[in-house]
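**Student:** What the sequence shown shows, in mature numbering (1 follows the signal peptide of the UniProt record, and there is no 0), is residues -20 to -1, 1 to 143, in sequence order. Backbone N, C-alpha and C fix where the C-beta goes; we use that ideal spot for every residue, glycine too. This one's a predicted model, so the numbers in the text were calculated from it and none came from an experiment. There's a structure below that I have some questions on.
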Amino acid sequence: MARTGLRSSTLSVLILAACAGTPPSEPQSLQPPSTLPEQAALAVTDEQLINAVDIERNIFFASRSTAVDPAELYKLRQHAQRLLADPKLVVTLVGHTDDLGSASYNLAIAEQRVRSVYQLLLKHGVPRKQLLRYAVGREKVARACGSSECRARMRRVEFVYPK
C-alpha cells in the first residue's frame, strides 16, 4: 500500500511540475506567403498565347466545328507526306479547345476533332501504327485567353512528334 501511495504522490508531483511551467506565448500569426510573383508569372497575355502556337504543327477549327477547313488540308497533306516518308515516325494528335462550354463538351469536341484529322491521315495512306490520339479539351487552356483570335488558336489538333 505504501508503494501505491508513493507512486500516486510521485505521479502527482510530476503532473504539477509539468503544469507549473511558463504559459505558452500567444501563437504568432503567420502571414501567408506572397503569391504576387507567381500570379505575375501566370498572367500570360493573349498575344503570348497566340505566338506560342506553331501554326505549321496545328490544324485549326471553327467554333463548334469538327470539320477540317479546306484551307487546313494543305498542312494535313504535308504531315501525311512526312509520316509516309518515315515509316518509323509516330505522331501524337492532341486535341485542344477554347475555354467556352463545359469541360465535358470541350473534351468531346476535342476527341471528335482528333478523330477527323486521324481519319483524313488514314485516307492519305498513313498507317494506324504511326498515329496516336489524345484529347486534352480545355484542361490546358490558359484562363487568360479572352480574345476571339486567341480562342481561335486554341481550337486545334496539334501534331506532336518525338524529339
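In three-state terms, what does DSSP make of R118?
**Tutor:** Counting from one through the sequence shown, the residue named residue 118 turns up at place 138. In the three-state scheme derived from DSSP, where H, G and I count as helix and E and B as strand, R118 is classed as coil.
**Student:** Are R136 and F40 closer than 9 Å when you measure CB to CB?
**Tutor:** For the purposes of this step, residue 136 is identified with residue 156 of the sequence shown, where counting begins at 1. For the purposes of this step, residue 40 is identified with residue 60 of the sequence shown, where counting begins at 1. The Cβ atoms of R136 and F40 lie closer than 9 Å to each other.
**Student:** Excluding five sequence neighbours on each side, which residues of the same chain lie with their C-beta closer than 8 Å to the C-beta of R62?
**Tutor:** Your numbering for residue 62 matches position 82 in the sequence shown. Here the set comprises L69.
**Student:** Give the straight-line distance between the Cα atoms of S14 and G126, rounded to the nearest whole angstrom.
**Tutor:** As a first step, residue 14 is located in the sequence shown; it is residue number 34 there, counting from the start. As a first step, residue 126 is located in the sequence shown; it is residue number 146 there, counting from the start. Reliability fails at S14, whose pLDDT of 42 lies under 50, so the model's placement of it is uncertain and no value is given.
**Student:** For H104, which residues from the same chain have a beta carbon less than 7 Å from its beta carbon, with the 5 sequence-adjacent residues on both sides left out?
**Tutor:** Indexing the sequence shown from 1 puts residue 104 at position 124. Excluding the 5 residues flanking it on each side, H104 has same chain C-beta neighbours closer than 7 Å at R57, A60, in chain order.
**Student:** Taking 8 Å as the limit between beta carbons, can you name the residues of its chain near Y85, skipping five residues before and five after?
**Tutor:** In the sequence shown, the residue the question calls residue 85 occupies position 105. Excluding residues within five positions, none has a Cβ falling inside 8 Å.
**Student:** Could you say which of E36, C130, Y98 lies nearest to A51 if we only look at CA atoms?
**Tutor:** Here residue 51 refers to the residue found at position 71 of the sequence shown. The shortest Cα separation from A51 among E36, C130, Y98 belongs to E36.
**Student:** In chain order, what residues of the same chain lie with their CB nearer than 6 Å to the CB of T46, ignoring the 5 residues before and after it?
**Tutor:** Sequence index remark: in the sequence shown, residue 46 carries index 66 (1-based). Exclusion of the five residues before and after T46 leaves Q92, R93, S96 as the residues of its chain whose Cβ lies within less than 6 Å of its Cβ.
**Student:** Please classify H104: does DSSP put it in a helix, a strand, or coil?
**Tutor:** Translated into the one-based positions of the sequence shown, residue 104 becomes position 124. The answer is coil: DSSP assigns H104 none of H, G, I, E or B.
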